[in-house]
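Participant: I am attaching a structure below and will ask some questions about it afterwards.
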Amino acid sequence: MDFFDHQDKARQKTGYLVWMFFAAVAAIITLTYFVVSLFVVGAGLYQDVQKNPNQPARQFAISDLWNPELLLIVGGIVIAVVVLGSLYKLAELRAGGKVIAESLGGRLLSNGARDVTERKILNVVEEMAIASGVPVPPVYMMDDEDGINAFAAGFSPSDAVIGVTRGCVEKLTRDELQGVMAHEFSHIL
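Take the sequence shown: its position 179, counting from 1, is numbered 1552 in the working numbering, and each next residue is one higher.
Below is the structure:
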């Protein structure tokens, strides 16, 4: 598979995820509408019984659940919550890569670190920054993560950070770590 095939496949997966997102929102609207409708219909039937205790109770019918106005209200509220939540998260992420790294439990490594593992990753990141011609990004370590993983976060080279798990730094050789950091720097450039 060449680059363009991979790119087409990635676009297809993205399109699938977008459709799944809309399907999830539609499912949330439907379920919320159903629950609210049951509550509204149930409250209405209860009030009917309270107003006319001597009258036989009206039977519940499925058609009682259909209320287009209520559907529009519930749909509007659910969509508003989704949009407001997305805007909130976007505003939070606009603060830069630092916010993302800290939200994942990352700890900022200082340049004066004496721990051998911390010095190793800081040196590799500095080397990659010099080689790629970008400012040295802050490095965050996720101390509680034993798996091998790393990420670059931020919207521009000026607010980019590198996040790395302790497992990545401890389990990989220096050459392997350079390869991982080179990959992360490709996201920054």
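Cβ atoms here follow ideal geometry from the backbone N, Cα and C, with glycine treated the same way.
Count Cβ pairs between the region 1472–1479 and the region 1522–1537 that sit closer than 8 Å; are there 3 or more?
Facilitator: In short, these stretches touch, since the Cβ pair count reaches three.
Participant: Using DSSP's beta-bridge definition, name the partner residues of I1535.
Facilitator: V1512, A1525
Participant: Please report how far the alpha carbon of V1498 lies from the alpha carbon of P1510, in whole angstroms.
Facilitator: 8 Å
Participant: Of the residues V1451, E1442, S1410, N1496, which one's Cα is nearest the Cα of A1399?
Facilitator: V1451
Participant: Exposed or buried, which one is M1515 when buried takes at least 16 other CB atoms within 10 Å?
Facilitator: buried
Participant: Note down the Cα distance separating V1542 from F1528, rounded to an integer number of angstroms.
Facilitator: 25 Å
Participant: Looking at the strands, I want to know which residues DSSP matches up with R1480.
Facilitator: M1514
Participant: Looking at G1520 and G1540, is the spacing between their C-beta atoms short of 7 Å?
Facilitator: yes
Participant: Using a Cβ-Cβ cutoff of less than 7 Å, which residues in the same chain neighbour K1544 once the five nearest sequence positions on both sides are dropped?
Facilitator: I1521
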